[in-house]
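Visitor: Heads up: take any position in the sequence shown, counting from 1, add 371, and you land on our numbering.
Just so you know, even glycine gets a beta-carbon here, dropped at the ideal spot from N, CA and C.
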Amino acid sequence: MNYFAHGLRYLDRPYFLVGTAMPDFLSVVDRRVRMRVRNVEPFVTEVASHESELAAGVIQHLEDDRWFHKTRGFFEITGELTRLFRDHVAEDDRFRASFLGHVVSELLLDRVLMENHPGALDLYYEAWSQIDRELVEDSINRMSREQTDRLARGLRLFQQERFLYDYADSQRLLFRLNQVMKRVNLPPLTESTMTVFDAGEAIIRERWRELLPAEHFDLTNV
């Protein structure tokens, strides 16, 4: 899952929502910092607090990733997109096709969810605007063995750039995806890749519930 899918069900719980983003977000802003269940769980308390909500969101992310990556839909759909990407990478570059099949499936799932829930992305960013960034950084440092001074700034940039809106447009999505490719030292993708986005979106639009089964991903109140 990507940011929007992780947070969609928690638009009215800002710190919980931001917690659902933390494991992936930290891999971008400071990959030394890892969220581990055993370190985070003690911060989920019965006493209501921003820190407890943040920790509960982190735990939710880790639990969601656990079942999401085990669904039959995930294996089949990422496999389909991997095969589509093989036409756009060198024949011997199976790793890149597999990596793209995984990543782009999650980005396009966010796109489909945004289209299914008009206005929800505005509420998502509104929730981010309500948090105390320094409090989040301090709390994450207490939950992790490693320390960071980059998180508060990263949270501010995330709120300013609002790059999730770019997922709706294939040209802008390609730009964002190439930022990821650069970060992991893989060559950039060409504009022909956008044909894969279109084909992949059609697959995910038809089968998104196989990625997000109702027993795990209840959208009743969204």
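1) Alpha carbon to alpha carbon, what distance is there between Phe568 and Asn549?
2) Please report the Cβ distance between Val483 and Gly571, rounded to the nearest whole angstrom; I am assuming they are in contact, meaning their Cβ atoms lie under 8 angstroms.
3) Do Arg547 and Phe534 have their beta-carbon atoms positioned less than 8 angstroms apart in this structure?
4) Taking 8 angstroms as the limit between beta carbons, can you name the residues of its chain near Ser500, skipping five residues before and five after?
5) Could you say which of His459, Arg380, Asn512 lies nearest to Ala426 if we only look at CA atoms?
6) Just verifying my parser: in three-state terms, what is the DSSP assignment at Glu586?
7) Return the Cβ separation of Ala392 and Tyr374 in integer angstroms, given the expectation that the two are a contact with Cβ distance under 8 angstroms.
8) Between which two residues does the alpha helix (DSSP H) holding Arg516 run?
9) Which ranges would you report for the alpha helix (DSSP H) in the segment 518-586 if only whole runs of at least 4 residues count?
10) By how many angstroms is the C-alpha of Phe445 removed from the C-alpha of Thr564?
11) Please classify Val555: is it buried, with 16 or more other beta-carbons within 10 angstroms of its beta-carbon, or exposed?
12) Using beta carbons (cut-off 8 angstroms, strictly below), is Tyr496 in contact with chain C?
13) Compute the Euclidean distance between the alpha carbons of Leu526 and Ala539, then round it to the nearest angstrom.
14) Whole angstroms is fine: what's the gap from Val399's alpha carbon to Ser515's?
Guide: Once the coordinates are examined:
1) 13 angstroms
2) Going by Cβ atoms, the distance from Val483 to Gly571 rounds to 10 angstroms, so no, they are not a contact pair.
3) In this structure, Arg547 lies closer than 8 angstroms to Phe534 by Cβ.
4) Gln530
5) Asn512
6) coil
7) 5 angstroms
8) Taken as a continuous stretch (DSSP letters only), Arg516 belongs to no alpha helix (DSSP H), as it is neither H nor E.
9) 522-532, 541-554, 565-582
10) 21 angstroms
11) exposed
12) Of the protein chains in this structure there is only one, and it is not chain C.
13) 22 angstroms
14) Straight-line Cα distance between these residues: approximately 16 angstroms.
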